[in-house]
Structure formats: C-alpha cells, structure tokens
Amino acid sequence: MNRKKKLLLGVVASPRAKLASAEYSKLLDKISDYQKMYEMIYEYAGEKKISNTEGLVLASLFGAKSEDVDAEGINLKDVFQTGKISREQLAEKLNKCEGVIIGTPVYFGDRSSWFDSFVRFIKDNGINTKDKIFGAVSVGAKRNGGQETTLIFGLLDALNRGFNVVGNGPPTSQFGGTGWAGDIGKIQDDNFGLDTSMGLGKRVGRYFEIAASVQTPLNELKIGILHSGFASGSEEIKKLVSMIEEKGAKTDILNIDDLKIKPCLGCPICPKEQGMEYGCVIKDDMIKVKNLSVSVDGLIFMLYKGKKENDQYQLFLERTRFIRRDNFILSDIPFGAYYSEKDFGGGQYTTRMFTSFLRHNMYIVSPLVQSISIENEEILIGDPSLLCDNLLRIASKSKTARNISKKKYIYEDIGYGKKR
Ligand SMILES: Cc1cc2nc3c(=O)[nH]c(=O)nc-3n(C[C@H](O)[C@H](O)[C@H](O)COP(=O)(O)O)c2cc1C
456 MNRKKKLLLG VVASPRAKLA SAEYSKLLDK ISDYQKMYEM IYEYAGEKKI
506 SNTEGLVLAS LFGAKSEDVD AEGINLKDVF QTGKISREQL AEKLNKCEGV
556 IIGTPVYFGD RSSWFDSFVR FIKDNGINTK DKIFGAVSVG AKRNGGQETT
606 LIFGLLDALN RGFNVVGNGP PTSQFGGTGW AGDIGKIQDD NFGLDTSMGL
656 GKRVGRYFEI AASVQTPLNE LKIGILHSGF ASGSEEIKKL VSMIEEKGAK
706 TDILNIDDLK IKPCLGCPIC PKEQGMEYGC VIKDDMIKVK NLSVSVDGLI
756 FMLYKGKKEN DQYQLFLERT RFIRRDNFIL SDIPFGAYYS EKDFGGGQYT
806 TRMFTSFLRH NMYIVSPLVQ SISIENEEIL IGDPSLLCDN LLRIASKSKT
856 ARNISKKKYI YEDIGYGKKR
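Okay, so the sequence shown: first residue is 456 according to the numbering used here, each after it adds one.
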C-alpha cells in the first residue's frame, strides 16, 4: 500500500490493565504475523501479564498493523490514576491520531467508568474528531454478558462526539470485538474474541486506506436516499436532497412504502443459487433496492414515525439479508441515519438503523439525526447538513478507493453451516 501511514490509538479502559502505555508499542513491534500474535497473547495472558481487555486491544492493533497502520497503545490508568501521562499529552495524542479503538470490560452490560471519563475528556477538551474513525472491543465473563450492548453504547458515544464508526467486518460483521473471559489469564482461550478484535483493526485499516484516497469529484457521486413514513416529495425529503445536490452530487430516491415487499422467509437460498442473478427467491420490488445498492456511493435512510405508523421499515430491513449475503454489496459505503418522530414514538430508530447497517459492512457517519416534534415544537438532535457534508466527503474518497482496489469481502454463513 503506497500511502503515508495513519495513526491509530488503542485505548485500554480496564482498571485491571497491567501494561504501561509505552509497552503496547514494544509488544506490537515484536509481532510479525498472526502466529506470533497468538503466541504472544498466549504467553502474556497465560502469565497474567495482561488483562482480558488488553488482549483484545492488542489483537485489534495487530489487525490494523497488518493493514499498514501505525498503532500506539494507551492505558487510561496512566492518565486517570497514576498521572504518568498528562491530560495534555492525551489530548495531543487524540488530536494527532486518525482513529481510535477502545477496549472495555463489560460492567453491568455497559462500558466501564474509565470509558465514560474518556468520552467526557473528548468533549471537555474539544478534541478534533472530524473524519476520524472509532471502533470498540469489549469482554465479559458471561457468554451473553452484554458484550454487544456495551459496544453499541460505546459506538453511540463516539457518534455523538463526532466520530464515524466501524464494526468488525467479515466473516461475522457485527459491532466490534467481543471477548468471553472472566478471570485474568483466560482471554487467550477465546479465539473468537481475538479474531473479531483483529477484524475490527483490519476494518480501521481499510477506512484509513479510503481516507488517504483522492476525492472523486462530487458531481460524479450518487447518494441513495431511502425513505419510509414520509410522503414522496415531502418538505423534509426535499430539504435533504437539496443539501446533497447543491454540493453537486446526484441522488437516487426510493420511497420504501411504495414498494411491494413480502416478508423474508428465512430460507437458506440467498444470496444466490447457481445462475440466480437477483439473489432472493422472492420476486418483488426488492430488486429496486438491489439495483440502487449496487450503484450508489453513499446511503441515507430517512424514517418517519407519526401517529399512523407502518411496518414497512422492518419488513424492508429483514429483506436486505440477501444484499448482505451477496458478499456485502454495500461494503465500505458511508451510511447516514435520519429519524423523525411526532409525539415521542420512542422508537430509538437512529440506534436501530446504525446497528443494522453496520452489519452491511458500511461506515456509519456522524451525526445521527433525530427530529422530535411535540405539538408544534421541533427538537433537532444532530445537524442534517453536517451529516450530508461528512457523508459526501467519505463517499468521494470511498468511490476512488473502491475503484482502485476492489477489496473482496466474502460472505460466509457463520452460525448456519459453520458454528463459530
Ligand atoms: C463491576 C463489574 C461488573 C461486571 N459486569 C459484567 C457483566 O455485566 N457481564 C459480564 O459478562 N461480565 C461482567 N463482569 C466481568 C468482567 O467484564 C470480566 O471479568 C472482564 O473479562 C474483565 O476484563 P479485564 O480483565 O480487562 O478487566 C463484571 C465485572 C465487574 C468487576
């Protein structure tokens, strides 16, 4: 890869972490390949020289390094407890880096208080997060101890602070690294947790590759706008479309409510049997979604829930399964979520949209936009024009990167044929 290396900061938010910050880089320097990484984590975790979170963070940093990224580690204990690293130094590192992977233990299904302090630090110190990428790894003692809730809460924090976020990528393509270990010295037995963490690092590497790409001119971009709940041509849709088109990009708008969509059968056929072009056994209007998916450089979903709600969004979402299973057609494309509700529907749809589209191997762009109308008053959380600007910038680079290196992501039916 011919590009200036970008810096990734690996942040450890466990009070049981053992290494001093400088030691992460030394360990990373010693790792030349996967075999070495597993051996090292085996040795260090086995001898209780690293906590479980540290094991996952190291795996994620190694994953990034294998994609030509410069990685550095920081133990928050050095900042918030011992003071070996000053707050000014942390601010400097954060402003300098172009991405963060944070590791946290699961505490009551949520991230640690050090994670909390870290997020507050970013806000209080006005850290520059523009166009920076954020991913997370979490480890809990129980198999379903809240690793995923922890990651989702953490990613939400990051989106709210202006980062774009990424998941762990194929084969499982979920929300980040998920470890299963209780006592210190056990993470080395959890290959799944180490693999998902490494996958996250690789996805950060791909984001950096995109960020280093030349911008495709905006007038060569097409942004897909899918919407449900809004009438076609409604003011909200027009406004968003003009924010994109006034920058020169084209839009492709699809009203999901106009489509005939049948429920997913949960059958084992998709993405395609031999010779099956379309990818789903159900012949309905999802072909239009597929056609849009293969042609756009960015995607925004606009969802409205008012008094008269329909279920079309969920119906649509489930049926995007064949698009995901078709080797992640939407890979590396930025996604924006825009949710509007009247009288507090309480649907939490910005979170639901971002978690679902992260599974399509997309980059989720900050900010999540939510408009809440109560009587005649509108509360707007997240600026739609900022979302459009951020999304267009990534789309323009991602288009170039996707044209130059057709990174192949392969879908594997993990959990079906292959248990992991
Ligand atoms: C206060 C506290 C709360 C915890 N809550 C959970 C939990 O909700 N779910 C879970 O699976 N494990 C929970 N654990 C276990 C830790 O997440 C687990 O031991 C983890 O591996 C610790 O990572 P570390 O070695 O990096 O500190 C909790 C541990 C503590 C101390």
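Backbone N, C-alpha and C define an ideal beta-carbon position, used for all residues, glycine too.
On a CA-only basis, which of Glu691, Gly656, Asn550, Gln490 is nearest serine 521? Give me that one, please. Gly656
Item checked: Per-residue DSSP class, three states only, for glycine 538 -> coil
Tell me the rounded alpha-carbon separation between isoleucine 409 and leucine 747. Past the boundaries of the shown model lies residue 409; the chain is included only from 456 to 875, so the question cannot be answered.
Cβ of threonine 605 within 8 Å of Cβ of serine 593?
-> yes
> Which word fits glutamate 732, buried or exposed, when buried means at least 16 other C-beta atoms lie within 10 angstroms of its C-beta?
Replying inline: Here glutamate 732 is exposed, its C-beta having fewer than 16 other C-beta atoms within 10 Å.
| message | Does the beta-carbon of valine 669, which I'm using as the reference point, lie nearer than 7 Å to any heavy atom of ligand 1? | response | In this structure, valine 669 has its CB at a distance of at least 7 Å from all heavy atoms of ligand 1.
Just the Cα atoms here: how many angstroms apart are isoleucine 486 and histidine 682?
47 Å
State whether the stretch 829–842 contacts the stretch 639–659, with contact taken as three or more CB pairs (one from each stretch) at a distance under 8 Å.
As far as the Cβ criterion goes, the stretch 829–842 does not touch the stretch 639–659, which means the pair count is below three.
(request) Kindly give me the distance between the Cβ atoms of methionine 653 and glycine 518, rounded to whole angstroms, as I take these residues to be in contact under 8 Å. (result) 4 Å
Residues that DSSP places opposite tryptophan 569 in a beta bridge:
Bridge partners of tryptophan 569: none, in fact.
Q) serine 572 to isoleucine 724, Cα distance in whole Å? A) 47 Å
message: Under 8 Å, with one C-beta from each stretch per pair, do the stretch 842–857 and the stretch 743–757 reach the 3-pair mark?
response: yes
Within 10 Å of its beta-carbon, does cysteine 722 have 16 or more other beta-carbons around it, so buried, or fewer, so exposed?
exposed
Extent of the continuous beta strand (DSSP E) to which asparagine 710 belongs = Judged by DSSP secondary structure, asparagine 710 falls within the beta strand (DSSP E) whose first and last residues are 705–710.
Q: Specify the secondary structure class of leucine 758 as computed by DSSP and reduced to three states.
A: Leucine 758: strand per DSSP, three-state reduction.
Please classify phenylalanine 771: is it buried, with 16 or more other beta-carbons within 10 angstroms of its beta-carbon, or exposed? Burial is judged here by how many other beta carbons sit within 10 angstroms of a residue's own beta carbon; phenylalanine 771 has at least 16 and is buried.
Could you tell me the alpha carbon to alpha carbon distance between serine 668 and tyrosine 793, rounded to whole angstroms? 27 Å
Check: Taking the Cβ atom as the reference point for each residue, do methionine 741 and isoleucine 788 lie within a distance shorter than 8 Å?
Finding: no
Comparing alpha-carbon positions, which option in Val620, Lys597, Ala596 lies nearest isoleucine 607?
Val620
| Is the beta carbon of threonine 508 within less than 7 Å of some heavy atom of ligand 1? | Checking the Cβ of threonine 508 against ligand 1 gives yes.
### Message
Taking the alpha carbon of serine 786 as the reference point, which residue from Val749, Lys762, Glu764, Thr810 has its own alpha carbon closest?
### Response
Val749
Tell me which residues share the same chain as arginine 471 and place their Cβ nearer than 7 Å to its Cβ, disregarding the 5 neighbours each side in the sequence. Ser506, Ile639
Review point. What's the gap between the Cα of tyrosine 871 and the Cα of arginine 658?
Key: For tyrosine 871 and arginine 658, the gap between their C-alpha atoms comes out near 24 Å.
Report task. Note down the Cα distance separating phenylalanine 622 from threonine 537, rounded to an integer number of angstroms. Result -> In the sequence under discussion, the amino acid at residue 622 is glycine, which differs from the phenylalanine named in the question. The straight-line gap from Cα to Cα measures roughly 32 Å.
Could you check where the beta strand (DSSP E) with glutamine 629 kicks off and where it finishes? Segment: none, glutamine 629 is in no beta strand (DSSP E) and carries neither H nor E.
request  = Spatial neighbours of cysteine 719 within its chain, please: CB distance less than 7 Å, with the 5 preceding and 5 following residues excluded, ordered by chain position.
outcome  = Glu773, Arg774, Arg776
- Query: Thinking C-alpha only, which one of Val467, Leu813, Thr706 is nearest glycine 624?
  - Reply: Leu813
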